[in-house]
Amino acid sequence: MSWAEGFLDFAVILSLTILAIAFLITTVRIIRGPTLPDRILGLDTLVAVAIGFIAVVGVKTGFNLYIDIALALGLVGFLATVAFARFVLEHGMTAEDRTETRLAEEQSREPTQ
Amino acid sequence: MILTVIAGIMIIVGAVFALVAAVGLLRLPDVYSRMHAATKAGTLGSGLMMLSLALVADDFATVTRAIAGVIFFLLTAPVASHLLARAAYAVGYRLWDGSLIDEMDWQDSRKESAPEKRN
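Taken in sequence, the protein lines are chains A and B.
So the first sequence is residues 5 to 117, counted in our numbering.
So the second sequence is residues -8 to 110, counted in our numbering.
Shown next, in the form of structure tokens:
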């Protein structure tokens, strides 16, 4: 194994670790919310990170088939985000988010009175 | 050999950009600024990692598919996030209180101090 191959192996391991951390942080945002668009955005980012994951695994294993999987996942993620955006536009704010927005507005108005 | 080293560097840089997108998603205050972090950095990260896959592949078909995939992501990510931001703004999700100006709100009192006032 040449020097460059060893460096590539090290890069693959390091980037898989970094991507796993990014995955976990994004999951925290999806769970915490607080609103529906935040969760949709988190899912969109999750798809982007997963595409990177698949590309790195493709480099690691040498199977060229992984590029097709990444393309298909990108297409599905784009369509899912568009569909979610249409859903938000169609149905308005969720009941929880409406209550939270009203509470925040009352809180920000009080100090001026 | 040089291509392999460049591919390794691109993998690491792409992973770091994905991490920056995730940290921005966690730390920024409202959905619109989170979108600013997540869309740009996330797309750049996954695009760099797919380009490095194109660099190490010895097959011409794989290289063209990887480049086509990167172009596809660069085209679709702004469209998706713009649609989401527009939908969230249209149904009434508020900006962060620290935002200085809301250019889509014509009755915004904060616009009084802005140089260009429309009424």
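Ideal Cβ positions, reconstructed from N, Cα and C, are used throughout, including at glycine.
Distance between residue j and residue i (C-alpha atoms, nearest Å)
| i | j | result |
| --- | --- | --- |
| Gly78/A | Arg102/A | 32 Å |
| Gly66/A | Leu20/A | 16 Å |
| Ala87/A | Glu109/A | 30 Å |
| Ala32/B | Ala48/B | 25 Å |
| Leu47/A | Asp72/A | 21 Å |
| Leu40/A | Phe27/A | 19 Å |
| Gly10/A | Val63/A | 13 Å |
| Asn110/B | Thr85/A | With a pLDDT of 46 at Asn110/B, under the threshold of 50, the modelled position of this residue cannot be trusted, and the question is left open. |
| Leu107/A | Ile29/A | 28 Å |
| Leu10/B | Ala76/B | 22 Å |
| Asp13/A | Ile55/A | 19 Å |
| Ser24/B | Ala81/B | 16 Å |
| Val22/B | Gly96/A | 16 Å |
| Thr98/A | Asp42/A | 13 Å |
| Gly89/B | Thr53/B | 47 Å |
| Thr34/B | Ala8/A | 27 Å |
| Leu91/B | Pro20/B | 14 Å |
| Ala74/A | Leu86/B | 34 Å |
| Lys108/B | Ser43/B | Note on Lys108/B: pLDDT 48, under 50, position unreliable in the model; the coordinate value appears next. Taking the straight line from one Cα to the other gives about 48 Å. |
8 Å contact criterion, which residue i and residue j should meet: CB distance rounded
| i | j | result |
| --- | --- | --- |
| Ala89/A | Ala12/B | Ala89/A to Ala12/B, Cβ: 19 Å. No contact. |
| Ala71/B | Ala57/B | At roughly 21 Å, the Cβ-Cβ gap does not stay under 8 Å, so Ala71/B and Ala57/B are not in contact. |
| Leu23/A | Val60/A | 7 Å |
| Ala52/A | Gly15/B | At roughly 12 Å, the Cβ-Cβ gap does not stay under 8 Å, so Ala52/A and Gly15/B are not in contact. |
| Leu17/B | Val80/A | Contact flag wrong, Cβ pair sits at about 25 Å. |
| Val4/B | Leu39/B | 6 Å |
| Gly(-1)/B | Ala76/A | Gly(-1)/B to Ala76/A, Cβ: 26 Å. No contact. |
Buried/exposed call for residue i, threshold 16 Cβ in 10 Å
| i | result |
| --- | --- |
| Met26/B | buried |
| Arg41/B | Before going on, a small fix: residue 41/B reads as Met here, not Arg. That one is buried. |
| Ser6/A | exposed |
| Gly83/B | exposed |
| Ile62/B | exposed |
| Ile(-7)/B | exposed |
Entirely within the region 9 to 46 of chain B and at least 4 residues each: give me those alpha helix (DSSP H) ranges in chain order.
-> none
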